[in-house]
Amino acid sequence: MNNNILIRNAAAIMTGLPGSKARSSARDIRIESGVITEMGNGLPPLPDEEQLDASNCVIYPGWVNTHHHLFQSLLKGVPAGINLTLSPWLQAVPFSYRRGFDEKRLRIAVRIGLVELLRSGCTTVADHHYLFQPGQDFDAAAILFEEAHALGMRFMLLRGGATVTRKLEADEKLLQATETLDQMLSSVQATAKYFHQTTPMAMSKVAMAPTSVHVSLPKQELKEVARAARSMGLRLHSHMSESVAYIEHCREKFGCLPIEYLARNEWLGPDVWLAHLVHLSPEEIRMLGESRTGIAHCPQSNARLADGIAPAPALAKMGSPVTMGVDGAASNEAADMISELHFAWMLHRAQAGALSRARPEGLGEEGGDATTVEQIIHWASQSGAQMLGFEGVGHLSAGMAADLAVYALDDPRYFGLHDPAIGPIASGGRPHLKWVLCAGKVILEDDLPTGLDLERLGIQARAEVQALLVLQN
Ligand SMILES: [Zn+2]
């Protein structure tokens with residue numbers, strides 16, 4: 394395929410923008426050198442253009458996944474953790490298996506997760522990788538970037554890690570060496586120097602992301618880490634308030650709620666986004682909104698681990714950027730953005746309805762507009778890209794990067810739709826992807842990432858799961 398592409402005759406185009414701009418009236422998209430140059434109807438083909446026929450297809454922006462742990466792609470459905478809540482699950486699955494991730498196994502796990510995402514229309518991935526130890530004999534950051542770029546995807550490393558051992562991993566079998574603060578900061582600095590791009594259409598970015606900041610750093614290091622990140626021009630990320638255990642810990646150790654603890658330590662602001670944020674007081678929601686701190690909303694993982702339901706619509710109303718993440722495969726067996734978004738769309742309506750009360754005590758039936766398809770698409774595209782700092786990426790309009798997915802609604806699941814534009818989110822499932830483009834390059838065609846042997850990857854995955862089981866016993 395050449396650099397100039399004309400996509401024609403789409404049934405509908407969703408832009409990723411909020412409100413009245415969510416739907417485009419255009420049916421054609423012209424792309425030159427990776428950038429959308431024109432959107433309209435009946436655009437005439439130019440002599441040097443490749444034409445893609447999008448008849449009966451809908452076009453969405455490429456998804457932006459703002460929270461993941463790709464290494465966990467070989468830890469799906471581990472029986473020891475399948476019916477556990479967050480804290481015992483952490484011990485039974487991620488902490489228990491993490492030692493098994495050498496260079497080769499990490500690479501295969503990362504590739505599986507990225508391919509799953511790509512096959513759901515995702516083009517930008519932010520991965521919270523926290524397996525960093527002093528003296529590691531391979532560069533995990535380099536592996537992550539290499540694998541993403543080999544598939545043609547944009548990648549942001551959320552550089553995790555800890556300088557203290559948390560109570561849950563103090564058991565001898567789960568113990569892992571921690572970095573000193575100096576080691577962590579100098580490693581982040583070296584990684585950022587090499588990989589962190591600041592251009593609007595960057596392919597690589599880095600964020601400072603201590604794993605769970607209330608337990609990964611001692612109190613006195615929080616401000617130091619936040620200041621170091623900001624001095625390097627890096628954004629801040631961490632897990633926060635995923636379960637009630639976060640509240641228990643912060644009350645006991647710091648005498649306040651988790652978000653208050655972050656506020657006191659310079660960990661709120663428009664350059665900070667936090668994964669989960671399930672358990673929040675009204676005051677914490679207000680603090681997050683006022684400071685424009687974002688959320689990586691991971692509803693499937695939160696449901697699977699029985700954490701609860703994050704108040705994403707309430708956060709959005711208060712001014713917090715809501716973005717979407719699939720979280721690691723050890724707590725969400727579908728690293729599939731469509732599945733995540735379909736779930737989010739329904740979940741908040743269900744929750745609003747569950748809170749409705751009969752008249753005259755309440756307002757009667759309510760909650761039918763608790764989330765709209767357009768809003769969910771915005772959260773998972775433009776909102777995510779802006780939160781991560783990819784300024785030229787995340788929605789479909791002239792001048793933006795050509796990151797997009799063309800869904801063919803050719804499965805009976807989508808037959809009979811009055812409004813095809815909402816099909817992929819409202820009907821769920823995995824729609825047939827005719828093409829995915831990132832930076833104007835076709836990186837997937839007819840559900841297959843270009844240049845990838847899926848069958849071989851499946852064989853490798855099965856072999857690595859067996860090897861992990863041997864290691865574990
Ligand atoms: Zn996570």
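Numbers 394 to 866, taken from the numbering used here, label the letters of the sequence shown in order. We treat Cβ as the ideally placed atom computed from N, Cα and C, and that holds for glycine. Everything numeric in this text was worked out from a predicted model, so none of it was measured.
On the CB-based measure, 16 or more other CB atoms within 10 Å of its CB, does residue i come out buried or exposed?
i, result
"Lys-560", "exposed"
"Gly-809", "exposed"
"Tyr-587", "exposed"
"Pro-527", "exposed"
"Pro-842", "buried"
"Asn-476", "exposed"
"Pro-454", "buried"
"Pro-487", "buried"
"Phe-548", "buried"
"Val-471", "buried"
"Pro-339", "Since the first residue of the chain shown is 394 and the last is 866, residue 339 is not available in this structure."
"Val-557", "exposed"
"His-811", "exposed"
"Pro-481", "exposed"
"Ile-852", "exposed"
"Pro-753", "exposed"
"Gly-787", "buried"
"Arg-420", "buried"
"Gly-755", "exposed"
"Lys-368", "Nothing about residue 368 can be read from this structure; the chain reaches only from 394 to 866."
"Lys-710", "exposed"
"Lys-469", "buried"
"Glu-857", "buried"
"Thr-517", "buried"
With a threshold of 7 Å (Cβ to nearest heavy atom), would residue i be considered close to ligand 1?
i, result
"Gly-474", "no"
"Gly-721", "yes"
"His-522", "no"
"His-672", "no"
"Ala-703", "no"
"Ala-602", "no"
"His-462", "yes"
"Ala-912", "Because the chain in this structure spans residues 394 to 866, residue 912 falls outside the shown range and cannot be described."
"Ala-699", "no"
"Ala-656", "no"
"Ala-638", "no"
"Ala-668", "yes"
"His-632", "yes"
So, under 8 Å CB-CB, residue i and residue j are touching, yes? Tell me the CB distance rounded to an integer number of Å.
i, j, result
"Pro-704", "Ile-731", "23 Å between Cβ atoms; not a contact."
"Ser-634", "Pro-651", "5 Å"
"Gly-760", "Ala-737", "14 Å between Cβ atoms; not a contact."
"Leu-627", "Ala-583", "About 13 Å; that fails the 8 Å criterion."
"Leu-670", "Leu-479", "That pair is no contact at about 14 Å."
"Ser-790", "Tyr-807", "Rounded, the Cβ-Cβ distance is 26 Å, inconsistent with contact."
"Pro-813", "Leu-830", "That pair is no contact at about 20 Å."
"Glu-733", "Pro-706", "Not a contact, Cβ separation roughly 16 Å."
"Ala-728", "Val-719", "5 Å"
"Leu-681", "Ser-636", "The Cβ separation is near 18 Å, so there is no contact."
"Ala-595", "Phe-783", "6 Å"
"Gly-553", "Ala-602", "5 Å"
"Lys-616", "Glu-659", "5 Å"
"Gly-435", "Leu-864", "Their Cβ separation, rounded to whole angstroms, is 60 Å, which puts Gly-435 and Leu-864 out of contact at 8 Å."
"Glu-694", "Ser-724", "A quick correction: the sequence has Ser, not Glu, at residue 694. Their Cβ separation, rounded to whole angstroms, is 4 Å, which keeps Ser-694 and Ser-724 in contact under 8 Å."
"His-735", "Met-717", "In fact, because the Cβ distance is near 11 Å, the residues do not count as touching under 8 Å."
"Thr-459", "Gly-721", "About 13 Å separates the two Cβ atoms, so there is no contact after all."
Say yes only if the C-beta of residue i is nearer than 7 Å to one or more non-hydrogen atoms of ligand 3, and no if none qualify.
i, result
"Trp-828", "Looking at this structure, you won't find ligand 3 anywhere; what it does contain is ligand 1."
Legend entry - Inter-stretch contact at 8 Å, needing at least 3 Cβ pairs: the segment 649 to 660 / the segment 669 to 688: yes
Legend entry - Cβ contact (3+ pairs, closer than 8 Å) linking the segment 409 to 428 and the segment 791 to 809: yes
Inset, instruction - Flag this pair as touching only if the segment 461 to 476 and the segment 520 to 540 have three or more C-beta atom pairs under 8 Å; answer yes or no. - result: yes
Legend entry - Cβ contact check for the segment 537 to 545 and the segment 496 to 509: 3 or more pairs under 8 Å: yes
Inset, instruction - Count the C-beta pairs between the segment 395 to 410 and the segment 754 to 772 that are closer than 8 Å, then say yes if the count reaches three, no if not. - result: yes
Legend entry - the segment 660 to 672 contacting the segment 613 to 632, beta-carbon criterion three pairs below 8 Å: yes
Inset, instruction - Check whether the segment 508 to 516 touches the segment 829 to 845, taking contact to mean three or more Cβ pairs, one atom from each stretch, closer than 8 Å. - result: yes
Legend entry - contact_flag[the segment 566 to 573, the segment 484 to 498] where n(CB pairs < 8 Å) is 3 or more: yes
Inset, instruction - Would you check if there are 3 or more beta carbon pairs closer than 8 Å linking the segment 700 to 718 to the segment 445 to 452? - result: no
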